[in-house]
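Just so you know, we're using UniProt numbering here: the sequence shown kicks off at 1 and counts up by one.
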Amino acid sequence: MSSSMAMHRIGSSISAALFKLPKPLTPKTLKLSTLRCLSTSSSSAAPNTHYHRPPPPPPPPSNRWSPPNQRPPPPPPPQQQQQSTPPPDLLSLCRDGKIKEAVDLLHQVGAAAADIPTIATLIAACADQNLLDAGKRLHESLTRSRFRADVDINNRILNMYSRCGSASDARRAFDRMPDRNLESWNLLIEAYASNGHGDDGLDVFENMRKLGLRPDARTFSAVLLACAAAEAVDEAFIHFASMSDEYGIAPSVEHYLGVIDVLGKSGYLYELEEFVENLPIEPNAAVWEMVMEFARVHGDVELEDRAGELMVMLDSSRTVKAKLPSPPRKRRITGLNMVDEKNRVVEFRLMTHTKSELEKLRQAKAKAKEQVYVPDTRYVLHDIDQEAKEQALMYHSERLAIAYGLISTPARTPLRIIKNLRICGDCHNAIKIMSRIVGRELIVRDNKRFHHFKDGACSCNDYW
Numbered sequence: 001m002s003s004s005m006a007m008h009r010i011g012s013s014i015s016a017a018l019f020k021l022p023k024p025l026t027p028k029t030l031k032l033s034t035l036r037c038l039s040t041s042s043s044s045a046a047p048n049t050h051y052h053r054p055p056p057p058p059p060p061p062s063n064r065w066s067p068p069n070q071r072p073p074p075p076p077p078p079q080q081q082q083q084s085t086p087p088p089d090l091l092s093l094c095r096d097g098k099i100k101e102a103v104d105l106l107h108q109v110g111a112a113a114a115d116i117p118t119i120a121t122l123i124a125a126c127a128d129q130n131l132l133d134a135g136k137r138l139h140e141s142l143t144r145s146r147f148r149a150d151v152d153i154n155n156r157i158l159n160m161y162s163r164c165g166s167a168s169d170a171r172r173a174f175d176r177m178p179d180r181n182l183e184s185w186n187l188l189i190e191a192y193a194s195n196g197h198g199d200d201g202l203d204v205f206e207n208m209r210k211l212g213l214r215p216d217a218r219t220f221s222a223v224l225l226a227c228a229a230a231e232a233v234d235e236a237f238i239h240f241a242s243m244s245d246e247y248g249i250a251p252s253v254e255h256y257l258g259v260i261d262v263l264g265k266s267g268y269l270y271e272l273e274e275f276v277e278n279l280p281i282e283p284n285a286a287v288w289e290m291v292m293e294f295a296r297v298h299g300d301v302e303l304e305d306r307a308g309e310l311m312v313m314l315d316s317s318r319t320v321k322a323k324l325p326s327p328p329r330k331r332r333i334t335g336l337n338m339v340d341e342k343n344r345v346v347e348f349r350l351m352t353h354t355k356s357e358l359e360k361l362r363q364a365k366a367k368a369k370e371q372v373y374v375p376d377t378r379y380v381l382h383d384i385d386q387e388a389k390e391q392a393l394m395y396h397s398e399r400l401a402i403a404y405g406l407i408s409t410p411a412r413t414p415l416r417i418i419k420n421l422r423i424c425g426d427c428h429n430a431i432k433i434m435s436r437i438v439g440r441e442l443i444v445r446d447n448k449r450f451h452h453f454k455d456g457a458c459s460c461n462d463y464w
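Spelled out as structure tokens, the structure:
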């Protein structure tokens, strides 16, 4: 009994200590007393059933409800991250033939922005258009990209320098290659040989053999080309014999033509005819055509006629060409590639000239006559007088290109000229004398070979 009363007194004291709860609020009071209701409910010991907590704020909008332009792009798969697509501008420039602009764009954005086919197209275009400066700029961009160690790309660069007539740049590119294969060595030998540096090409071949590399059929074709440029007849026959004796490579028609080239450029016409007659294969029209051209260069009329008849018997389509005593007239484009920083290509056609170019040609002609230059009028029309013939020779497109280069480029810098036809004999003699007068290297690439005119001599040794 006493314990029950004690418990009743404790409960009464606790009830008295509690504050009196307010009456239920009207909706208007509820709006103004939200914070007060929250404070009251948190300080009371028991929950208040008359008040409700306000609903939580709505969650922030999900990313899936964001506008499309604010949605972050999904990461590409790993396969797409490793592949690079050329910029649209670069592709359009390549299609439009604006190679120099494409190279400049690639230099700005970096070579990693292009793929291998696009780079290969640019390298080939620089070689076709003789754009040496653009090719150097492209090579510089590639050395700072992931293509630096690509052997195939570096071999294309070697070939580009060779076709632009710069064997020294080809050698520098070869020395900077991290990796090389047999094709790299072959291209370097060809670069030296095709630009008249036969001895350097033979030195490369010897270094290649010392390193233990085994040459192939293409290597010996390049070696024979180098022997022809160096007029190394004995060495050519040594290498020709080593093909089958040492390396087991059967000579092909290309190798026999290489030996004929060596003998013909060295002036061994009797040995040349004997070699052709003793060939283990039947000589084709190309063989007799080479014999005919060598006989024409060295003045052997009898051998020229005999080789021409045999050539026509094997290929009647060469009849008209065999009867032509001289190359055809120049009628199409010849270009000049200037070597200053503002590199550009200038096109020249027959009978297109300016007063300044004509004046430069007249001055060069006067100085050339002082150097015992006699115009060879066989390469112009025969139904005009002598003075008109000499005047017509001045209008050949390669001479116009040289005249423009002499007045438009810095002194003592090389001039590079492209011809789509074979250079005539009179222009060849005149340019040799011009190179001595102006003290500059004049590089002409016709449809036969490179001609490096310097100090009154040509790298072809007057055969082309």
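Cβ coordinates follow ideal geometry from the N, Cα and C atoms, glycine included. On a predicted model such as this, the values are computed, not experimentally measured, just so you know.
Asked, Found
"Between the Cα of A307 and the Cα atoms of S317, H298 and E293, which residue gives the shortest distance?", "E293"
"Apart from the five residues on each side of it in sequence, which residues of its chain come closer than 7 Å, Cβ to Cβ, to W65?", "Its pLDDT being 49, under 50, W65 is placed unreliably by the model, and the measurement read from it follows with that caveat. There are no such residues."
"Considering only residues of the same chain and omitting the five flanking positions on each side of E341, which have a CB-CB separation below 6 Å?", "Interpretation of E341 is limited by its pLDDT of 39, a score under 50 that renders its predicted location unreliable; no figure is taken from the coordinates."
"Using a Cβ-Cβ cut-off of 7 Å (strictly less than) and excluding sequence neighbours within five positions of G267, which residues of its own chain qualify?", "H298"
"Quick one: is S39 buried, meaning 16 or more other Cβ sit within 10 Å of its Cβ, or exposed?", "Because the pLDDT at S39 is just 41, under 50, the model does not fix this residue reliably, and the point stays unresolved."
"Express the C-alpha separation of T377 and G456 in angstroms, rounding to a whole number.", "21 Å"
"Should F240 and V259 be called a contact, given that it needs their Cβ atoms to be closer than 8 Å?", "yes"
"Relative to the C-alpha of K98, which candidate in I116, V109, A134 and D115 has its C-alpha closest?", "A134"
"Just the Cα atoms here: how many angstroms apart are S316 and V223?", "32 Å"
"Compute the distance between the beta-carbons of A230 and L202, then report whether it is under 8 Å.", "yes"
"How is L415 classed by DSSP in three states: helix, strand or coil?", "strand"
"Which residues in the same chain have their Cβ closer than 7 Å to the Cβ of L90, if we skip the five residues on either side of it in sequence?", "A102, L105, L106, A114 and T118"
"Buried or exposed, going by whether 16 or more other CB atoms sit within 10 Å of the CB of V301?", "exposed"
"I need the boundaries of the alpha helix (DSSP H) containing F453, first residue and last residue.", "That residue, F453, is in no alpha helix (DSSP H); its beta strand (DSSP E) goes F450 to K454."
"Counting pairs of Cβ atoms below 8 Å between the region 404-418 and the region 435-445, do you hit three or more?", "yes"
"Going by beta carbon distance, what residues of the same chain come within less than 6 Å of M177, once the five residues before and after it are set aside?", "N154"
"Out of curiosity, what's the CA-to-CA distance linking E304 and C424?", "19 Å"
"For A228, which of E246, D216, Y192 and G212 has the nearest alpha-carbon?", "Y192"
"Taking only three categories from DSSP, how would you classify A457?", "strand"
"On the DSSP bridge assignment, give the partners of R445 in chain order.", "I418 and F450"
"Measuring alpha carbon to alpha carbon, tell me which of C427, I189 and F450 ends up nearest A392.", "C427"
"Compute the distance between the beta-carbons of G165 and F450, then report whether it is under 8 Å.", "yes"
"Give me the Cα-Cα distance between N447 and E140, rounded to the nearest whole angstrom.", "29 Å"
"Any idea if T413 is buried or exposed, counting beta-carbon neighbours within 10 angstroms, 16 or more meaning buried?", "exposed"
"Specify, as a first and last residue, the run of the alpha helix (DSSP H) that P117 falls within.", "I116 to D128"
"Going straight from the alpha carbon of A250 to that of I238, what length do you get?", "15 Å"
"Is Y270 buried or exposed, if buried means 16 or more other CB atoms sit within 10 Å of its CB?", "exposed"
"Pick out whichever of S242, H197, V204 and N207 has its Cα sitting closest to the Cα of A217.", "S242"
"Quick check: does the Cβ of V109 come within less than 7 Å of any heavy atom belonging to the ligand GTP?", "Because no ligand of any kind appears in the structure shown, any question about the ligand GTP cannot be addressed here."
"Let me make sure I understand the geometry here. Which of A127, R422 and T409 has the alpha-carbon closest to that of S397?", "R422"
"In terms of alpha-carbon separation, which member of T143, R180 and M394 lies closest to L211?", "R180"
"Quick one: give me the first and last residue of the alpha helix (DSSP H) that T143 is part of.", "L132 to T143"
"Where do the ends of the alpha helix (DSSP H) carrying R399 lie?", "S397 to S408"
"Short check: CB of S194 to CB of L158, under 8 Å?", "no"
"How would you write the range of the alpha helix (DSSP H) that H197 sits in, first residue to last?", "Note, H197: premise wrong, no alpha helix (DSSP H); not H, not E."
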